[in-house]
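Enquirer: Residue numbers (the working numbering): 280 to 406. For every residue, glycine included, the Cβ atom is placed at its ideal position computed from N, Cα and C. As the structure is a prediction and not an experimental result, all values here were calculated from the model.
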């Protein structure tokens, strides 16, 4: 009986993880189709700017921050951003990404220890 309970919990977690991943994939597909439509108009005008939001953790992972799924999804976004930048380089349409790192909040502070390369030693909290 106890094994069945653990199996059900593991199965439930797997289903939740897969659902989240599918949701992210669908959002990426939406990004792709919207970007295609916008780029078409920008190319007609001869100018425009496409900006995607990603994370610096894709290129600079930190051991104290679990980012496997973010790296999987945002890594693809980084790749398509670079590809579009190269593809549209001579057309007047610029393609860039904004890649914020870890932002100091009450939730992230425990992960930013003094031994972490991202440590925030001199920062103070205001309430």
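DSSP three-state call for residue 331: helix, strand or coil?
Expert: Within the chain shown, residue 331 is the residue found at index 52, counting from 1. Three-state result, residue 331: strand.
Enquirer: Would you grab the beta carbon distance between residue 374 and residue 356 for me? Rounded to a whole angstrom, and I think it's under 8 Å.
Expert: Taking the first residue of the chain shown as 1, we reach residue 374 at position 95. Taking the first residue of the chain shown as 1, we reach residue 356 at position 77. Not confirmed; about 11 Å, so no contact.
Enquirer: Excluding sequence positions up to five away, which residues of its chain have a Cβ less than 6 Å from the Cβ of residue 353?
Expert: Residue numbering aside, residue 353 sits at position 74 when the chain shown is read from its first letter. 333, 334, 337.
Enquirer: Where does residue 299 sit, in a helix, a strand or coil, going by DSSP?
Expert: Numbered from its first residue, the chain shown carries residue 299 at position 20. It is helical.
Enquirer: Inspect the beta-carbon positions of residue 326 and residue 372 and report whether they are closer than 9 Å.
Expert: Taking the chain shown and counting its residues from 1, one reaches residue 326 at position 47. Taking the chain shown and counting its residues from 1, one reaches residue 372 at position 93. Their beta carbons are under 9 Å apart, which means residue 326 touches residue 372 by this criterion.
Enquirer: For the candidate residues 292, 303, 322, whose alpha-carbon lies nearest to that of residue 366?
Expert: Numbered from its first residue, the chain shown carries residue 366 at position 87. That would be 322, whose Cα lies nearest to the Cα of residue 366.
Enquirer: Hey, quick one: how far does the beta strand (DSSP E) through residue 376 stretch, first residue to last?
Expert: Your numbering for residue 376 matches position 97 in the chain shown. Segment 372–377, the beta strand (DSSP E) holding residue 376.
Enquirer: Tell me whether residue 313 is buried or exposed, calling it buried when 16 or more other Cβ atoms sit within 10 Å of its Cβ.
Expert: Locating residue 313 in the chain shown gives position 34, where the first residue counts as 1. Residue 313 should be labelled exposed.
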